[in-house]
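Chains as they are written, first to last, in this note's numbering: chain A, 1 to 438; chain B, 1 to 438. Following: one structure in structure tokens, then a few remarks.
There are 2 protein chains.
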Amino acid sequence: MRILASEVKKHIGKEILIQGWLHKKRLLGGLTFINVRDRQGLVQVLVQDKDEVEKLRGLQIGTVLEIAGQVIEDERAPGGAEIHDPKLTVLVPVVDEPPIEIDKQLSHKPDNLDTLFDNRVIGLRNLDEQTIFKTQAKVLEATRAYLKENDFTEMNTPKLLAEATEGGAEVFTLDYFGKTATLAQSAQFYKQMMVGVFERVFETNPTYRAEPSATTRHMTEYITIDVELGFIEFDDLLALASGLLNRITDDVYETYGEQLKRWNAQKPILTSELPRITMKEAHELYGKANKVDMSGEDDLTPDEERWICEYAKKNLGSEAVFITEWPSNSKTFKFYHRKNAENPELADRADLLFRGIEIATVPMREHRYDVLVEQLKTLAGGNPDDPGFKHYLSAFKYGLPPHGGFGWGLERTTEKLIGLNNIKEATLFPRDLNRLAP
Amino acid sequence: MRILASEVKKHIGKEILIQGWLHKKRLLGGLTFINVRDRQGLVQVLVQDKDEVEKLRGLQIGTVLEIAGQVIEDERAPGGAEIHDPKLTVLVPVVDEPPIEIDKQLSHKPDNLDTLFDNRVIGLRNLDEQTIFKTQAKVLEATRAYLKENDFTEMNTPKLLAEATEGGAEVFTLDYFGKTATLAQSAQFYKQMMVGVFERVFETNPTYRAEPSATTRHMTEYITIDVELGFIEFDDLLALASGLLNRITDDVYETYGEQLKRWNAQKPILTSELPRITMKEAHELYGKANKVDMSGEDDLTPDEERWICEYAKKNLGSEAVFITEWPSNSKTFKFYHRKNAENPELADRADLLFRGIEIATVPMREHRYDVLVEQLKTLAGGNPDDPGFKHYLSAFKYGLPPHGGFGWGLERTTEKLIGLNNIKEATLFPRDLNRLAP
Numbered sequence: 001m002r003i004l005a006s007e008v009k010k011h012i013g014k015e016i017l018i019q020g021w022l023h024k025k026r027l028l029g030g031l032t033f034i035n036v037r038d039r040q041g042l043v044q045v046l047v048q049d050k051d052e053v054e055k056l057r058g059l060q061i062g063t064v065l066e067i068a069g070q071v072i073e074d075e076r077a078p079g080g081a082e083i084h085d086p087k088l089t090v091l092v093p094v095v096d097e098p099p100i101e102i103d104k105q106l107s108h109k110p111d112n113l114d115t116l117f118d119n120r121v122i123g124l125r126n127l128d129e130q131t132i133f134k135t136q137a138k139v140l141e142a143t144r145a146y147l148k149e150n151d152f153t154e155m156n157t158p159k160l161l162a163e164a165t166e167g168g169a170e171v172f173t174l175d176y177f178g179k180t181a182t183l184a185q186s187a188q189f190y191k192q193m194m195v196g197v198f199e200r201v202f203e204t205n206p207t208y209r210a211e212p213s214a215t216t217r218h219m220t221e222y223i224t225i226d227v228e229l230g231f232i233e234f235d236d237l238l239a240l241a242s243g244l245l246n247r248i249t250d251d252v253y254e255t256y257g258e259q260l261k262r263w264n265a266q267k268p269i270l271t272s273e274l275p276r277i278t279m280k281e282a283h284e285l286y287g288k289a290n291k292v293d294m295s296g297e298d299d300l301t302p303d304e305e306r307w308i309c310e311y312a313k314k315n316l317g318s319e320a321v322f323i324t325e326w327p328s329n330s331k332t333f334k335f336y337h338r339k340n341a342e343n344p345e346l347a348d349r350a351d352l353l354f355r356g357i358e359i360a361t362v363p364m365r366e367h368r369y370d371v372l373v374e375q376l377k378t379l380a381g382g383n384p385d386d387p388g389f390k391h392y393l394s395a396f397k398y399g400l401p402p403h404g405g406f407g408w409g410l411e412r413t414t415e416k417l418i419g420l421n422n423i424k425e426a427t428l429f430p431r432d433l434n435r436l437a438p
Numbered sequence: 001m002r003i004l005a006s007e008v009k010k011h012i013g014k015e016i017l018i019q020g021w022l023h024k025k026r027l028l029g030g031l032t033f034i035n036v037r038d039r040q041g042l043v044q045v046l047v048q049d050k051d052e053v054e055k056l057r058g059l060q061i062g063t064v065l066e067i068a069g070q071v072i073e074d075e076r077a078p079g080g081a082e083i084h085d086p087k088l089t090v091l092v093p094v095v096d097e098p099p100i101e102i103d104k105q106l107s108h109k110p111d112n113l114d115t116l117f118d119n120r121v122i123g124l125r126n127l128d129e130q131t132i133f134k135t136q137a138k139v140l141e142a143t144r145a146y147l148k149e150n151d152f153t154e155m156n157t158p159k160l161l162a163e164a165t166e167g168g169a170e171v172f173t174l175d176y177f178g179k180t181a182t183l184a185q186s187a188q189f190y191k192q193m194m195v196g197v198f199e200r201v202f203e204t205n206p207t208y209r210a211e212p213s214a215t216t217r218h219m220t221e222y223i224t225i226d227v228e229l230g231f232i233e234f235d236d237l238l239a240l241a242s243g244l245l246n247r248i249t250d251d252v253y254e255t256y257g258e259q260l261k262r263w264n265a266q267k268p269i270l271t272s273e274l275p276r277i278t279m280k281e282a283h284e285l286y287g288k289a290n291k292v293d294m295s296g297e298d299d300l301t302p303d304e305e306r307w308i309c310e311y312a313k314k315n316l317g318s319e320a321v322f323i324t325e326w327p328s329n330s331k332t333f334k335f336y337h338r339k340n341a342e343n344p345e346l347a348d349r350a351d352l353l354f355r356g357i358e359i360a361t362v363p364m365r366e367h368r369y370d371v372l373v374e375q376l377k378t379l380a381g382g383n384p385d386d387p388g389f390k391h392y393l394s395a396f397k398y399g400l401p402p403h404g405g406f407g408w409g410l411e412r413t414t415e416k417l418i419g420l421n422n423i424k425e426a427t428l429f430p431r432d433l434n435r436l437a438p
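The following block contains the structure:
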């Protein structure tokens, strides 16, 4: 029976069988060691028999092996044990030398991402690369667990739409049996409609933006954690988002804290309720420190986002911060956003910044049918009778409670949890203006 | 503080506050009862006060209400308690009568699906409709739990591709900044490449087929549970798939067995290892019983799939069955499938039939680089140097173990678990040739 990397130490003194990839060969003090990789990590094997050493000499990294041998305790080996007196069997031979080295973290060069992605299929076999995507899987798992504990129902909504829901130029269109369809830029309309059904819903889903530039922050396809819930007010919404980021951080670092050290990753410092800074305060603080006048700007620049996060870390004890009090007389105010009841010049919206970048937009929605129809007409130039709006509006016409939610970026969250600098480093197979493969 | 439907009974004798939708009004023996719906179900309220009865008279179904009142134990009420002496407050008024009745299961008419879907946004507020999608969420949850217990890593792969991976006409194409992109018909290539990384991977992901017909079995967008694992043989693969269907069934019926009774749903009878019938046997059994000659056919007809499932239920004690021994000299044999080592005229493939329909294709893959390249050329007319194949093939060139997996249809599984007759009934917002909205 095959023994896996994490189980080897349980078999000290015994003969076992392992299967995996030849991950590394090295000579150490005249001895030949190899590392064999399986889905749980590495097993170290000491090869001494002359014939076996000879057999090994011709094998390329990546060769799929089966090894029978005896387990010897050794604290210096990964997993605390290694295999001696191995008998090697090649299950799948590899003829050519791999295009990149996979046993060194160095192959991950953020200043040459094309090399990284052109060799992605093999480069991901590196254990440190794997840690990024183990972390990402854990973010999803923690998110679902947290939302389920909070009584959310998971759903699946279509990405093929008749019309672009939120308008704008950044929409992919396709031929749909002679008609035109678009790819969903978000699950916005669906998640709001579904508040009328399950009250609390979420979906982890691909999102498409025809973003015609290649930046460190954007891709044309990415995963959004879409969350929406009814019978709540703005404070409830920010509490939910605060709880989610704390939960993700705790679960990721509890499980992968050790592996993440190799990325020099630090567990984010967060308050249980994340602090809030108003847009106006943010502009003032940044303007004062950087001797510029940002007053009146209706959004934050990327540099302001970075600076404010540093400020919050130093002064508010949190590496994540909500930017609140967004202006409602701005293009950042969507027709489905809600104006603040006491000060209609402001939106009930926060952006969640985390380690220098916005990872979620967290607004309340306008739930009153009449007001929504009015905002649709005046702010978006939309016609309530258009098929693209008709179904959406019907959810409101027949009763939706006050509600809000957020679209939360999976890759940005992973990127910043680890301290990477480009969203694409946290994407298995990134898509942008210039890249559709692998 | 708001009390939810499942919590009401814990507050007998106390004054509580509930919030939800007006779901039903009725007169019973001169008394006025209403049901209020929240995310956990219904709360029954007895309205006796004249002013409150009067207030209620003008309210449409769907009105968002807050109700303060006293909890009285009553076994006849949903949840075992009801609210007396209520004080009603309208949180969100509804002016118009909803287009369909939502308190009756009758509104779900499988013979008029257009009505069902044209009113989907409101119709989903029906509790029986909700059971379908609660079931679906549970299928996903059970699947992830089972795969995680079996050491699988979740991943996210792109749906925007440079080329159609599996060829064929049923591919959606879109304009990608002046180039052509396609929508993924499956995660096939990615999950195989990722076996080289994590050994065992899965993804629950949208899948796109430009299927130019409207059937009870197909949609243009649906969710596939994609699973792939290495270092296994065919029997291991069928054992994994058997275990998954059993786990899904157990978890769904444990949680929603009671609600599913309203759909007359029966828990599927399954053996722990699902039985196998060869393609040849299937043709013979069906042919004999139906007095037709199916011998030599390289696939099963929909009617054969139905019949074989009935046969397996009666004779093999299982409502799911694997069809094995698919021919390799057929268009059902893809270039990435593996021929049987002992009999190369057969493929190492099974189709999993469940209650009359194929829910998963379960094949081993050809993992030997040279053989795969040869099959690509001869069976698919593909060029190994094409960018669309280059990355995929590199995973094999640098070492992939024997592996296999399956693409498992989420909606078909949900449909058959409940005993529905059309895949679209198990889809929140279905997409086909004729439908892109809502």
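The C-beta atom is built at its ideal place from N, Cα and C for all residues, glycine as well.
| Asked | Found |
| --- | --- |
| Within chain B, the residues that W21 of chain A reaches when beta carbons sit closer than 7 Å | G399 |
| Residue nearest to P302 of chain B in terms of C-alpha spacing, selected from B:A341, B:N264, B:I359 | B:I359 |
| Residue-level contact to chain A via CB, Y190 of chain B, 8 Å cutoff | yes |
| Within chain A, the residues that G62 of chain B reaches when beta carbons sit closer than 7 Å | Y398, G399 |
| Segment limits, alpha helix (DSSP H) that includes T271 of chain B | Note, T271 of chain B: premise wrong, no alpha helix (DSSP H); not H, not E. |
| Cβ contact check for the stretch 121-131 of chain A and the stretch 2-15 of chain B: 3 or more pairs under 8 Å | no |
| CB of M294 of chain B within 8 Å of CB of W326 of chain B, strictly | no |
| Same chain, Cβ closer than 8 Å to K377 of chain B, neighbours up to 5 away in sequence not counted | N383, P384 |
| Proximity of P401 of chain B and V92 of chain A at Cβ, strictly below 8 Å | yes |
| Under the three-state DSSP convention, the category L420 of chain A falls into | coil |
| Buried/exposed call for V201 of chain B, threshold 16 Cβ in 10 Å | buried |
| Proximal chain B residues relative to I223 of chain A, where beta-carbon distance stays under 8 Å | N156 |
| Best match in B:E305, B:Y311, B:E297 for proximity to S328 of chain B [C-alpha to C-alpha] | B:E297 |
| Supposed close pair L237 of chain B, G404 of chain B - CB separation, criterion 8 Å | 4 Å |
| P299 of chain B versus B:D103, B:G409, B:K331, residue with shortest Cα-Cα distance | Position check: residue 299 of chain B holds Asp in this sequence, whereas Pro was assumed. It is B:K331 whose Cα lies nearest to the Cα of D299 of chain B. |
| Test item: CB-CB of V47 of chain B and V36 of chain B under 8 Å | no |
| Meets three-Cβ-pair contact criterion under 8 Å: the stretch 151-164 of chain A and the stretch 210-229 of chain B | yes |
| 8 Å CB neighbourhood of E52 of chain B in its chain, flanking five on each side removed | P86, K87, L88 |
| Proximity to H391 of chain B [Cα-Cα], best of A:D118, A:I16, A:G79, A:T63 | A:D118 |
| Cα-Cα separation between E101 of chain B and H23 of chain B, rounded to whole angstroms | 10 Å |
| Cα-Cα separation between Q70 of chain B and L31 of chain B, rounded to whole angstroms | 17 Å |
| Nearest neighbour of I423 of chain A, chosen from A:F389, A:I357, A:G381 [CA to CA] | A:I357 |
| Sequence-distant residues of its chain with Cβ nearer than 6 Å to R431 of chain B (five each side left out) | M219, T220, E221 |
| Rounded separation between V197 of chain B and A169 of chain A - CA only | 37 Å |
| A184 of chain B and I418 of chain B closer than 8 Å at C-beta | no |
| Same chain only: Cβ atoms within 6 Å of K55 of chain B, ignoring 5 sequence neighbours per side | L88 |
| Beta-ladder partner(s) of A282 of chain B, from DSSP | A282 of chain B is not bridged to any residue. |
| Cutoff 6 Å; reference E199 of chain A; Cβ partners in own chain excluding five residues on either side | G230 |
| Short Cβ contact (8 Å threshold) for Q192 of chain A with A395 of chain A | yes |
| C-alpha distance - A181 of chain B paired with T207 of chain B, whole-angstrom precision | 15 Å |
| S272 of chain B, buried or exposed, once every other Cβ within 10 Å from all chains shown has been counted against 16 | exposed |
| Supposed contact pair T215 of chain A and K134 of chain B - C-beta distance, whole angstroms, cut 8 Å | Not really, about 40 Å apart at Cβ, beyond 8 Å. |
| Cβ separation of L42 of chain B and P78 of chain B, assumed to be a contact under 8 Å, to the nearest whole Å | 5 Å |
| Proximal residues of chain A, C-beta to C-beta of L433 of chain B below 8 Å | F177 |
| Interface flag, F354 of chain A vs chain B, CB-CB below 8 Å | no |
| Cβ neighbour criterion (16 or more within 10 Å) applied to I16 of chain B | buried |
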